[in-house]
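Using the UniProt record's numbering, the final residue of the sequence shown is 257, and nothing's skipped along the way.
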Amino acid sequence: MLVDTHCHLDFPILADQIGAVVARAQQCGVTRFVVPAVAAEHFERVVTLASHHAFGFALGLHPCFLSEHSATSLEVLEQALQTYQPLAVGEIGLDFYHGLDTSEQQLALFKAQLRLAKRFELPVILHVRKAHDQVLKVLRELQFQQGGVVHAFSGSAAQAERYIGFGFKLGVGGVISHERAMRVKKLFAALPLDALVLETDAPDMPLQGAQGKPNGPAAVARVAQLLADLQGVSVEEVAQRTTANALALFPGLPTTS
1 MLVDTHCHLD FPILADQIGA VVARAQQCGV TRFVVPAVAA EHFERVVTLA
51 SHHAFGFALG LHPCFLSEHS ATSLEVLEQA LQTYQPLAVG EIGLDFYHGL
101 DTSEQQLALF KAQLRLAKRF ELPVILHVRK AHDQVLKVLR ELQFQQGGVV
151 HAFSGSAAQA ERYIGFGFKL GVGGVISHER AMRVKKLFAA LPLDALVLET
201 DAPDMPLQGA QGKPNGPAAV ARVAQLLADL QGVSVEEVAQ RTTANALALF
251 PGLPTTS
């Protein structure tokens, strides 16, 4: 059985056909799903969807959605963590891909959410682009020990080792299907399976050959096979060990019937 540790099934393009999306995934052996929120105004729809379909979920304020966060968003998040008891705080982090113009805002928001995760003793789901060293610095400064997932990891081997030392798993997704992603393929071929979890970022990050189409959690099965090929092990071993990793991080993660 496979786990998609990062899929935005609440996004309308997937939520409007959620029955078919889940059925396709189940046919491919994907039976557990983690749905991270990206903004406070989405918390209710994430929680409602998760309760109806036995999904795991996380609540957080995404760094790329700063324009949707208000002065009260952190208060809303704090209350939601207490009320809904999610599996994790996420999707949170730092994204400096488009420049540093919002870096101070992002850092303040990120640190505040890490403090909430520490208070509620929850892992986090990290979004990190062009900011791995900064994120690692903050984790060290705050002595963050709850661990979590570094979503769509594409950093260096040294950065991977540091995240693993902080108790994090690294998210493996569709990027390893792309012919030009040689550096990332080499990285995931060498990393220990005990440090990895599978994900799609659906409806984003489609695999090679499916560009221009919404991604879905069914694609986890192909990611598992690609990772097995890179590691030189069976797909059954990849499924077993990455699922065990996900359940260790998210012990309350339900199976979708």
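Note that beta-carbon positions come from the ideal geometry of N, C-alpha and C, so glycine has one too.
Report the residue from 66, 207, 77 and 185 whose alpha carbon sits nearest the alpha carbon of residue 46. The residue you call residue 46 lines up with position 46 of the sequence shown. Taking only the C-alpha atoms, the option nearest residue 46 is 77.
Discussion item. Using the Cβ count rule (16 or more neighbours within 10 Å means buried), how would you classify residue 32?
Written reply: Stepping through the sequence shown from its first residue, residue 32 is reached at position 32. So residue 32 counts as buried.
Boundaries of the beta strand (DSSP E) in which residue 262 is found, first to last residue = Since the first residue of the chain shown is 1 and the last is 257, residue 262 is not available in this structure.
Legend entry - Where residue 91 falls, given that 16 or more other Cβ within 10 Å makes a residue buried: By 1-based counting over the sequence shown, the position of residue 91 is 91. Residue 91 should be labelled buried.
- Go to residue 110, then tell me how far its alpha helix (DSSP H) extends in each direction, as first and last residue. Residue mapping note: residue 110 aligns to position 110 of the sequence shown, counting from 1. From DSSP, the alpha helix (DSSP H) with residue 110 extends over 103 to 120.
Point to revise | Element boundaries [beta strand (DSSP E), containing residue 31] | key: What you label residue 31 is simply residue 31 of the sequence shown in a count that begins at 1. Element bounds for residue 31: 30 to 36.
* Start and end residues, alpha helix (DSSP H) containing residue 157 -> Sequence index remark: in the sequence shown, residue 157 carries index 157 (1-based). Element bounds for residue 157: 157 to 165.
Evaluate the contact criterion for the region 101 to 111 versus the region 64 to 74: three or more CB pairs, one atom per stretch, below 8 Å.
yes
Review point. Ends of the alpha helix (DSSP H) at residue 237?
Key: The residue labelled residue 237 in the question sits at position 237 within the sequence shown. First-last of the alpha helix (DSSP H) with residue 237: 235 to 249.
Self-check item: First through last residue of the beta strand (DSSP E) which encompasses residue 229
Solution: Numbered from 1 along the sequence shown, position 229 holds the residue referred to as residue 229. No beta strand (DSSP E) contains residue 229, which is instead part of the alpha helix (DSSP H) from 220 to 231.
Inset, instruction - With DSSP as the reference, please indicate the residues paired to residue 168 in a beta bridge. - result: The count along the sequence shown starts at 1 and reaches residue 168 at position 168. Per DSSP, 148.
- Query: When DSSP labels each residue in this structure, what does residue 81 get in the three-state scheme?
  - Reply: The sequence position of residue 81 within the sequence shown is 81, counting from 1. Residue state, collapsed to three classes: helix.
_For residue 40, the nearest candidate out of 23, 214, 6 and 113 (CA to CA)_ = Within the sequence shown, numbered from 1, the residue matching residue 40 stands at position 40. Closest by alpha carbon: 113.
Under 8 Å, with one C-beta from each stretch per pair, do the region 213 to 223 and the region 184 to 192 reach the 3-pair mark? no
What do you reckon, are the CB atoms on residue 124 and residue 147 nearer than 9 Å?
Position 124 of the sequence shown, counting from 1, holds the residue named residue 124. Position 147 of the sequence shown, counting from 1, holds the residue named residue 147. Yes, they are a contact pair.
Exercise for review: Use the C-beta contact count for residue 211: other C-beta atoms within 10 angstroms, 16 or more gives buried, fewer gives exposed.
Suggested key: Locating residue 211 in the sequence shown gives position 211, counting from the first residue. So residue 211 ends up on the exposed side.
Notebook entry, point to check: Between the C-alpha atoms of residue 8 and residue 35, what's the straight-line distance to the nearest angstrom?
Noted result: The residue given as residue 8 occupies position 8 in the sequence shown. The residue given as residue 35 occupies position 35 in the sequence shown. One C-alpha to the other measures close to 5 Å.
One or two residues paired with residue 64 in a DSSP bridge:
Translated into the one-based positions of the sequence shown, residue 64 becomes position 64. Partner(s): none; residue 64 has no beta bridge.
Exercise for the section: Take residue 4 and list the residues in its own chain whose beta-carbon comes closer than 8 Å to its own, dropping the five residues that flank it on each side. Expected result: Residue 4 sits at position 4 when you count from the first residue of the sequence shown. 25, 30, 32, 33, 34, 198, 199, 200, 202, 217 and 220, listed in sequence order.
Helix, strand or coil at residue 93 according to DSSP, with G and I counted as helix:
As a first step, residue 93 is located in the sequence shown; it is residue number 93 there, counting from the start. Strand, per DSSP.
Q.
Less than 8 Å between C-beta atoms, sequence neighbours within five positions excluded: which residues of the same chain meet that for residue 185?
A. Taking the first residue of the sequence shown as position 1, residue 185 is located at position 185. Cβ within range, chain order: 176 and 230.
Using the rule of at least 16 other Cβ atoms within 10 Å of the residue's Cβ for burial, across every protein chain shown, is residue 163 buried or exposed?
For this step, residue 163 is matched to residue 163 along the sequence shown. Buried, by the Cβ-count rule.
**OP:** Compute the Euclidean distance between the alpha carbons of residue 138 and residue 15, then round it to the nearest angstrom.
**Re:** Position 138 of the sequence shown holds residue 138. Position 15 of the sequence shown holds residue 15. If I take the Cα positions, the gap works out to 34 Å.
| request: May I ask you to list the residues that DSSP assigns as paired with residue 3? | output: Locating residue 3 in the sequence shown gives position 3, counting from the first residue. DSSP, once it has assigned bridges, lists 32 as partnering residue 3.
(message) Is the separation between the beta-carbon of residue 174 and that of residue 126 shorter than 9 Å?
(response) For this step, residue 174 is matched to residue 174 along the sequence shown. For this step, residue 126 is matched to residue 126 along the sequence shown. Not a contact, by the Cβ cut-off of 9 Å.
Which of helix, strand or coil does DSSP assign to residue 288? Because the chain here runs from 1 to 257, residue 288 falls outside it and cannot be looked at.
Using a Cβ-Cβ cutoff of less than 6 Å, which residues in the same chain neighbour residue 135 once the five nearest sequence positions on both sides are dropped?
Locating residue 135 in the sequence shown gives position 135, where the first residue counts as 1. Answer for residue 135: 94 and 128, listed in chain order.
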